[in-house]
């Protein structure tokens with residue numbers, strides 16, 4: 021589901037919510053962010069791991085380099101072993117490389133590296149489909165995707181498309197292509213994991229009911245937690261086929277696989293949030309007992 025401006029405002033039209041969005045409260049909340057901290061065990065891990073998950077930066081339409089710089093500073097202050105990006109890094113037509121974004125992401129520091137995946141808005145930025153911030157679709161979108169993948173690599177960010185890496189002797193990180201516009205293959209992303217602990221990064225949580233095998237932990241974004249949440253009823257609009265089921269937080273996929281759906285950092289549709297603070301996610305992972 022695409023959350024359009026018309027649908028967004030129509031959904032929020034009752035109960036004073038429209039006044040909130042039209043005023044400054046929603047805009048003020050849109051750019052304040054926090055760090056959520058989670059301690060979990062991860063089967064197969066032999067030593068503790070500090071991983072930071074950043075998703076849905078949406079650089080281009082409502083987000084500039086200043087916001088990204090603040091997120092990078094906060095991430096580096098957490099001293100992560102590993103940084104993971106959950107997709108939708110981009111949200112504007114990319115005729116030219118996003119130099120300011122790449123410079124900021126290039127400042128991320130993590131000894132095990134910075135790895136990420138593409139999301140549906142990245143595909144709009146490639147020109148796979150058109151839109152108000154993307155212009156008309158472009159025939160050479162796949163070449164643009166390859167160019168941006170190389171540019172991110174030059175900034176120290178490895179983009180995984182249905183592939184994985186052994187970032188440590190006891191840890192495999194897999195990343196999938198986008199569910200809506202890519203050719204998603206979880207099996208390929210986890211091939212080579214063997215007995216290592218597994219982290220799977222995928223943009224859209226709607227794949228969770230169809231996981232072909234157990235995973236130690238899946239990290240997702242895409243939903244923004246609904247971006248605007250209301251007291252008692254939660255998010256009126258969630259871009260998911262499953263409604264509120266995977267809106268945000270800790271959820272479960274097939275094979276009793278634990279997954280975390282981040283509220284993300286950027287903005288989509290309109291530059292507002294309500295009761296849905298942007299988040300940097302710190303995961304303090306430890307070996308399972310026994």
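Residue numbers (the working numbering): 21 to 310. Cβ atoms here follow ideal geometry from the backbone N, Cα and C, with glycine treated the same way.
Check	Outcome
Would you kindly work out how many angstroms separate the C-alpha atoms of residue 205 and residue 309, rounded to a whole number?	31 angstroms
Using the C-alpha atoms, what's the distance from residue 160 back to residue 167?	11 angstroms
Figure out for me which residue from 132, 120 and 280 has the closest Cα to the Cα of residue 303.	280
For residue 102 and residue 172, what's the separation of their Cα atoms in angstroms?	16 angstroms
What residues in its chain sit with their C-beta under 6 angstroms from that of residue 181, if we drop five residues either side in the sequence?	197
Between the Cα of residue 268 and the Cα atoms of 241, 139 and 152, which residue gives the shortest distance?	241
Assuming residue 287 contacts residue 82 (C-beta within less than 8 angstroms), just tell me the rounded distance between them.	4 angstroms
Count the other CB atoms, across all protein chains shown, that sit within 10 Å of the CB of residue 270; report buried if there are 16 or more and exposed otherwise.	exposed
Using a 10 Å radius around the Cβ and a threshold of 16 neighbouring Cβ atoms, would you call residue 245 buried or exposed?	buried
Under three-state DSSP, which class holds residue 43?	Because residue 43 carries a pLDDT of 49, less than 50, the predicted location of this residue cannot be relied on, and the following value inherits that uncertainty. Coil at residue 43, not helix or strand.
So residue 210 packs on residue 220, CB below 8 angstroms; how close in whole Å?	7 angstroms
Mind checking residue 32: buried by the 16 CB within 10 Å criterion, or exposed?	Bear in mind that the predicted position of residue 32 carries a pLDDT of just 46, short of 50, making it too unreliable to give a figure here.
Which residues in the same chain as residue 249 place their Cβ atom closer than 7 angstroms to its Cβ, once the five residues preceding and following it in sequence are excluded?	255, 294, 295 and 296
State buried or exposed for residue 118, treating a residue as buried only when at least 16 other CB atoms are found within 10 Å of its CB.	buried
If you follow the beta strand (DSSP E) that residue 266 is in, where does it begin and where does it stop?	Here residue 266 belongs to no beta strand (DSSP E), and DSSP marks it neither H nor E.
Among 232, 290 and 299, which one has its Cα closest to the Cα of residue 47?	290
Per DSSP, what kind of secondary structure is residue 149 in: helix, strand or coil?	coil
Mind checking which residues open and close the beta strand (DSSP E) that includes residue 200?	No beta strand (DSSP E) contains residue 200, which DSSP labels as neither H nor E.
Compute the Euclidean distance between the alpha carbons of residue 131 and residue 72, then round it to the nearest angstrom.	12 angstroms
With a threshold of 8 angstroms between beta-carbons, can residue 147 be considered close to chain B, or not?	Here there is only one protein chain, and chain B is not present.
For residue 190, which option in 66, 45, 56 and 57 has the closest C-alpha, if you only look at C-alpha atoms?	66
How close, in whole Å, do the beta carbons of residue 116 and residue 77 come, if the pair is a contact with beta carbons under 8 angstroms?	About 18 angstroms; that fails the 8 angstroms criterion.
Report buried or exposed for residue 18, applying the criterion of at least 16 other Cβ atoms within 10 angstroms of its Cβ.	Lying before the first or after the last residue shown, residue 18 is absent from the chain, which here runs from 21 to 310.
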